[in-house]
Amino acid sequence: MTRKEELAAAKAQLRHKAVQTTMKYGQAPVEDRRDGLSQLG
Numbered sequence: 001m002t003r004k005e006e007l008a009a010a011k012a013q014l015r016h017k018a019v020q021t022t023m024k025y026g027q028a029p030v031e032d033r034r035d036g037l038s039q040l041g
């Protein structure tokens, strides 16, 4: 999957109106994203 397709899929899944919002999540360090997911489940 290309980066553009991944971003579009994430935008749709997160229900963001602007792709810029979704892009902010992609720039977070991997450790921060992993910690956030651990707290959810």
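With this note's numbering as the guide, the letters of the sequence shown map in order to residues 1 to 41.
Glycine included, C-beta positions come from ideal geometry on N, C-alpha and C.
No experiment lies behind these values; they were computed from the predicted model shown.
Alpha carbon of residue i to alpha carbon of residue j, nearest angstrom
| i | j | result |
| --- | --- | --- |
| E5 | A18 | 15 Å |
| D32 | K11 | 19 Å |
| K24 | A9 | 15 Å |
| Q27 | Q13 | 17 Å |
| L37 | T22 | 16 Å |
Option nearest residue i by Cα separation, candidates the options
| i | options | result |
| --- | --- | --- |
| Q20 | L7, V30, D35 and L37 | L7 |
Check: residue i C-beta below 7 Å from any heavy atom of the ligand MG
| i | result |
| --- | --- |
| K24 | You won't find the ligand MG in this model; it holds no ligand whatsoever. |
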